[in-house]
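4 protein chains.
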Amino acid sequence: MKYNIKDIKLSAQGYKNLTWAEREMPVLAALEKAFTKSQPLKGIRIAACLHITKETGVLLRLLKSAGAVVAACGSNPLSTQDDIAASLAKDGISIFASKGMTDKEYYENLLSTLAIKPNVLIDDGADLIHTVHTKKQDLLKSIIGAMEETTTGVIRLKAMAREGRLQFPVIAVNDSQTKHLFDNHYGTAQSTIDGILRATNIMLAGKTVVVAGFGNCGSGLAHALAGLGSQVIVTEVDAVKALRATMDGFRVLPMSLAAKVGDIFITVTGNKDVITWEHMQSMKDGAIVCNSGHFNVEIAVGALEKHSKKITIRNNLAEHTFPNGKSIFLLAEGRLVNLASAEGHPSAVMDMSFANQALGVLYLLENQKKLSKTVHVLPKEVDEKIARIKLKSMNIAFDTLTPEQQKYLSSWNEGT
Amino acid sequence: MKYNIKDIKLSAQGYKNLTWAEREMPVLAALEKAFTKSQPLKGIRIAACLHITKETGVLLRLLKSAGAVVAACGSNPLSTQDDIAASLAKDGISIFASKGMTDKEYYENLLSTLAIKPNVLIDDGADLIHTVHTKKQDLLKSIIGAMEETTTGVIRLKAMAREGRLQFPVIAVNDSQTKHLFDNHYGTAQSTIDGILRATNIMLAGKTVVVAGFGNCGSGLAHALAGLGSQVIVTEVDAVKALRATMDGFRVLPMSLAAKVGDIFITVTGNKDVITWEHMQSMKDGAIVCNSGHFNVEIAVGALEKHSKKITIRNNLAEHTFPNGKSIFLLAEGRLVNLASAEGHPSAVMDMSFANQALGVLYLLENQKKLSKTVHVLPKEVDEKIARIKLKSMNIAFDTLTPEQQKYLSSWNEGT
Amino acid sequence: MKYNIKDIKLSAQGYKNLTWAEREMPVLAALEKAFTKSQPLKGIRIAACLHITKETGVLLRLLKSAGAVVAACGSNPLSTQDDIAASLAKDGISIFASKGMTDKEYYENLLSTLAIKPNVLIDDGADLIHTVHTKKQDLLKSIIGAMEETTTGVIRLKAMAREGRLQFPVIAVNDSQTKHLFDNHYGTAQSTIDGILRATNIMLAGKTVVVAGFGNCGSGLAHALAGLGSQVIVTEVDAVKALRATMDGFRVLPMSLAAKVGDIFITVTGNKDVITWEHMQSMKDGAIVCNSGHFNVEIAVGALEKHSKKITIRNNLAEHTFPNGKSIFLLAEGRLVNLASAEGHPSAVMDMSFANQALGVLYLLENQKKLSKTVHVLPKEVDEKIARIKLKSMNIAFDTLTPEQQKYLSSWNEGT
Amino acid sequence: MKYNIKDIKLSAQGYKNLTWAEREMPVLAALEKAFTKSQPLKGIRIAACLHITKETGVLLRLLKSAGAVVAACGSNPLSTQDDIAASLAKDGISIFASKGMTDKEYYENLLSTLAIKPNVLIDDGADLIHTVHTKKQDLLKSIIGAMEETTTGVIRLKAMAREGRLQFPVIAVNDSQTKHLFDNHYGTAQSTIDGILRATNIMLAGKTVVVAGFGNCGSGLAHALAGLGSQVIVTEVDAVKALRATMDGFRVLPMSLAAKVGDIFITVTGNKDVITWEHMQSMKDGAIVCNSGHFNVEIAVGALEKHSKKITIRNNLAEHTFPNGKSIFLLAEGRLVNLASAEGHPSAVMDMSFANQALGVLYLLENQKKLSKTVHVLPKEVDEKIARIKLKSMNIAFDTLTPEQQKYLSSWNEGT
């Protein structure tokens, strides 16, 4: 079996959407042009676990154009765009993903993807890397290394490395500036809002919105919501971030207090049990709860389902009624609302994240002998290169240091 | 024939969406509770021409609960939510609307709605009022008056009144503070952005967005876009509004110059030919063009279609390629992008607009002998009442003037 | 005595400041050029009661250039810029104002100004108009009419008119769009923040700031503070404005609750007793309280002084310690903090307000026979003219309606 | 000579201002309480080169309370608050600083400060450290290490370390999160705007403001200006920062183009020749130019003075007229406008910066044997401690990780 998707007949629509995405992805386009000629991935087998969207589609096509053999599974049960999966499958990429797949199918797809005996893994949440370390250790010998896309995955992999369990080098693509300062910050903001609107069509102006987490994701989201007229409350566990949120003009509260006043709750922490069953009990009737963090553990969905009666209002919008008659509304089953209920981050910002993926694979191959079995960050030159291509594509010129200025910055004799 | 809709089987989903909308419409809920008891519209026949959405659905059900006989048609070929139409039809409201109806069907539906021989018209764009004045003058004698929802319709009706052509009093619901300061300002902002995102999934941060018009709609939209990281350029024909946009931090340019630098263009002027074929010719390859003004005349769609090859990328997103190879992308055929590609304004804000409609109908009936055949605004007390119910539903307390303060404000003896 | 000022030797510095202000006042410059030639005020005697600042100075010089005989007193005990007063006096304008004048001197100066037996009054708060109606009725016969600058004054004059007490027409300059949408909104915002910073150097980011009033002044101020990172709470007595503040993302609370959580309090209501002694008792130790409304009655300064021990920390910053040891800090004795502690509204925005004053005087003279003894607003053409000159001076071009567009806007036949 | 200041009689006012600042500096207050008791700096001689303001005054008093012998000079010719210098001198701290001192006096004061034969240096711009390395090498043997406050100084010291010239360890206080994410970002924003307003009283809304540099300082400043209604243009030399500015909604231009359209220019780069004589020649008549970077080399002041005629309009505002009649206005002679024309960063934010200084001195003493002769950053625990004290003083509670959450974050087994 070369693929396991919803319906190959969706490929025509998928092709159109891929072409549409490409217009907004000039960095990947520039790399594709170069790699098609130079074939830097000739013969390399890549297994990817990614949200199968039009943007990852453009990346997967690029990797194939560069000479690689590519297989991919979806990194979340609800995030697959079935038309894209169909178009990629038709193009000869082995895709194992469909929207709404069960957890069981999710793991079967993971294994199907690994069947190509990969040299390189591209991961989003570290499930693929975890699988080869725990269930498919026979694959380890042919693996040169891996790429990880998310904050959540990087935290997980650093824990593995700390315990000496990581068996190959991993590039933390997330930690590139051109990734986390853009994708996490601006991408999460827009796509999360988009997901909430498609699920609910709720008015954001005038609403009290609780954003759990004020890292790169949460800070971008909080500002975007404020820009749309929401009154934003931030919860945090880190004192410096809590203080930063305060200085940006947001109210900071512990979740136990925020729970009582919020109209809408969004988790973006990378942690678990951020909204507990106790919190939900103290919420107002009609509160809307959703998650835009990587895993569906941020909200205590299990407890909610156990203690309430569920009615599906429409796609991704479920009413949970408590015995006392109060309802709260859960979006997308507590999974990534931006991918389940909208289309994930816009192409323009994924362009940079995936340029880091593509250049990261090359970096891994070129430096495989030097890289230790731990988590690595791409060198600053990669950020610089990506940002320069991006700015050029947007027709934005900026200044260059003169030789005198460069000298001044590296000297220490000029003072007052 | 009691209704003309897409599919009555959609009524179950429509019912759920109506119930969902009601949660966000506490002012209408309060009125419904009162009117169901007092039956103030007993025996009154109301013909409405509105976007058939979950929000107007709640209004139409309220009018029926208040004792009225209600018929309604859609006020735009692309704005009907077919499941809502089905649910309303099932509830005994005569609905004549379906998404994608032709212009011919549009006008047939108008006439079907008028078949109830209405006493009151509720209009959105003044097409219904225009029709009874030009094609169905026999209905005039039974009409007490009408309500008009939009800026565009009010402009049109004032022109009729100026020429002495208006045959009954019209309440400019649009001109209530609790309508245009909220619906037009916050509602248009969010729903327009929502429509653009659903059609394109484009990244707004970093984009240059040209907003044509800086009235209540345009100013709200410009600020919301800025809050999402867009660089906003405003075009205007009114000097005071152009200056206000400048002082709010926006670049103001004539459209001829803005056309050359914009990535996305949105018209919200109420005028026609705001984006001409000449403007489109000077746009960048890949520019996205859409309209959130009432009628589809703001963009020169006819000229565009004549001079370009059209490919539909996906719903509401069409690529128009010029002979020279450049493409521009038109959303929702130049019709209201917020209604065609999203769900229109959120319920919370339409709650207030439609409370003005409901209270306006009562005001019209109570004052029918006093009201001249011209355009009227509801008294300030209606605004005050609606705002108070809304604030209370949001659990927001505010201050009350003390007798001493009231006296101070009406005295003139206290100075420095 | 031709003037009563602090020190004529300050005139050189005053002249420099006036010249600096003129650079930012292109509308007045354009009028001065025209009026110097046409002498439209030849022989007219004008008595003005204004904050004597570099901006009013430019207006007074313009009136003189236009042929008028001009006398002016300060409209607030703390707002006079003594160097400006000196320069104007040296130029032959009769100025009666000095910073820190007592209330007794304030009223003496008012009378000195009226000694020229004016034909036109220019007022700021309506004290001058009030005086001629109550103490100097003999002057009424030579007065053609008056101009009023502030919201507060207009409220006072409308009360007079309602009671049939107003003896001549008054132009509510405040109600021109090019005045209240700019001066009140943007001017108050910046100058109030400026005044607070000069008095306290307090960090605004991270502070909870309570803005009392969400009219043109308060809404501008609330947004500017949010832009600087403050968490803004709004108090209001008007339901529509309270709702607007909510939709703009601000918390709305009654003052009794806001008093407990605010770090900084600013009143801009035009009313009295907005912050009472009871409110001050519930404030946090260290709270900062100030006023940017016209009169010093918004804060219960009398009660505060009675119940606390006062220490002046530095100019415009006084610590009031309560018997229980708690302190609150009052700025500028509760008088207009923007004028007492900073320089009032910036020149660029006063340019438009004072262009309304100058054009208003002409309008009054030209229409004196037609104008009833009530409060009038300048015609929309004046706004349009001022905005156009201003935009041109800023080198900002904007669109013009085509004949087809004009026709469309005045027709009613084009529908869907 | 124990001090060299303007006038010891200013000490009473200085004392009041110091007391006022202390209210906003709860972290330093907490440290002072602890250190007064524990005397951790007993017998340590500290030489500081700092802007002598009320905030550094509170730090210097704390160091003395902790047992140190303290001498200090001003780190900029225009930044000294003479009343503070007087109060500190009266308290027994050797102060060598006065506002308006010449460059010669500046360096004499540096040497006077070093006369105490310091064990620890506290520097702001690295002039003190530079002096002991180049002119007073005999002092090196008694120096344990130094603290550096600014981005500029850290760049300079890293260059020294790179060349192997640094003779003792330096703590880059600037690089603490609780310093550069707050002081540089929020502090610079507010104090720079404050300095511009006090110098010019110019309207910021509607103005085109060019911010050179989008690091921690420039990004905070750009957002604050946008919040006040300015249209902000950013110039950068770093591609990632240029892209971030774009995504935040700002126009990015090279200075050669920005020079032609800006109304106000502010440099915050840490580099030299950011605004050259060529740029000034292409500016509009009336452009305002100022600097908020550490040294007065960002603007080509020398060339400007050579090619123009200078008139001082008022304090810190000079008109420079070119031979062709055009003028540009330079603020504060191109020196730090926030310190020369206002009072520097507000106390609340300096509280955290100076807590890093105080805790940094302790860290240096405790770790003197371990620290290499290079540039060091304080451990994350110091940031955490400072942020926690600050939040507590603001009465802001936030969440704590549960044991389960801590375990989750350090585990890698939980996936999808």
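Chains as they are written, first to last, in our numbering: chain X, 1 to 416; chain H, 1 to 416; chain Z, 1 to 416; chain P, 1 to 416. For each residue, glycine too, the CB sits at the ideal point set by N, CA and C.
Inspect the beta-carbon positions of residue i and residue j and report whether they are closer than 8 Å.
i: Asp175(X); j: Val377(X); result: yes
i: Leu228(Z); j: Gly227(P); result: yes
i: Thr208(P); j: Gln177(P); result: no
i: Gly293(X); j: Val268(X); result: yes
i: Ala199(P); j: Ala358(P); result: no
i: Ala397(Z); j: Pro254(H); result: yes
i: Asp123(Z); j: Gly14(Z); result: no
i: Lys117(H); j: Ser142(H); result: yes
Going by beta carbon distance, what residues of the same chain come within less than 6 Å of residue i, once the five residues before and after it are set aside?
i: Lys272(P); result: Val297
i: Phe214(X); result: Val234, Glu236, Lys241, Ala245
Less than 7 Å between C-beta atoms, sequence neighbours within five positions excluded: which residues of the same chain meet that for residue i?
i: Asp383(P); result: Ser176, Gln177, Thr178
i: Ala29(X); result: Glu22
i: Ile313(X); result: Glu319
i: Leu221(H); result: Thr188, Ala189, Thr192, Val211, Ile266, Val268
CA-CA distance, residue i and residue j?
i: Gly195(H); j: Leu243(P); result: 27 Å
i: Ile171(H); j: Val375(H); result: 6 Å
i: His130(P); j: Asn413(X); result: 7 Å
i: Ile8(H); j: Ala355(H); result: 28 Å
i: His279(H); j: Ser256(H); result: 6 Å
i: Met350(X); j: Gly125(H); result: 41 Å
i: Met394(Z); j: Lys385(Z); result: 14 Å
i: Glu32(Z); j: Asn201(P); result: 23 Å
i: Ala115(H); j: Arg162(H); result: 29 Å
i: Ile311(X); j: Lys16(H); result: 10 Å
When every heavy atom of the ligand COA is checked, does at least one fall within less than 7 Å of the C-beta of residue i?
i: Ala342(H); result: This structure simply doesn't include the ligand COA, nor any ligand for that matter.
Would a check of beta-carbon distances place residue i closer than 8 Å to chain C?
i: Ala205(H); result: Note that chain C does not occur in the displayed structure, where the protein chains are X, H, Z and P.
Between which residues of its own chain and residue i is the CB-CB distance below 8 Å, once the five residues before and five after are set aside?
i: Ala89(H); result: Lys2, Tyr3, Ile5, Ile8, Ser11, Ile95
- prompt: How about the region 142 to 154 of chain P and the region 94 to 102 of chain P: do they share at least three Cβ pairs that are nearer than 8 Å?
  reply: no
- prompt: Do three or more CB pairs link the region 44 to 63 of chain X to the region 82 to 95 of chain X at distances below 8 Å?
  reply: yes
- prompt: Three or more C-beta pairs closer than 8 Å, one from the region 179 to 198 of chain X and one from the region 338 to 355 of chain X: is that the case here?
  reply: yes
query: Quick check: the region 69 to 85 of chain H against the region 101 to 114 of chain H, are there 3 or more CB pairs under 8 Å?
result: yes
- prompt: What residues in the region 265 to 289 of chain P bring their beta carbon closer than 7 Å to a beta carbon of chain X?
  reply: Asn271, Lys272, Asp273
query: Does the region 319 to 330 of chain H come within contact of the region 284 to 291 of chain H, defined as at least 3 CB pairs closer than 8 Å?
result: yes
query: Residues in the region 11 to 26 of chain P with C-beta within 9 Å of chain Z's C-beta atoms, listed in sequence order?
result: Gln13, Lys16, Asn17, Thr19, Trp20, Ala21, Arg23, Glu24
- prompt: What residues in the region 383 to 410 of chain Z bring their beta carbon closer than 8 Å to a beta carbon of chain H?
  reply: Asp383, Glu384, Ala387, Arg388, Lys390, Leu391, Met394, Ile396, Ala397, Phe398, Asp399, Thr400, Leu401, Thr402, Glu404, Gln405, Tyr408, Leu409, Ser410
message: To be precise: take each residue of the region 83 to 95 of chain H, compare its Cβ to all Cβ atoms of chain Z, and keep it if any distance is under 9 Å. Which residues remain?
response: none
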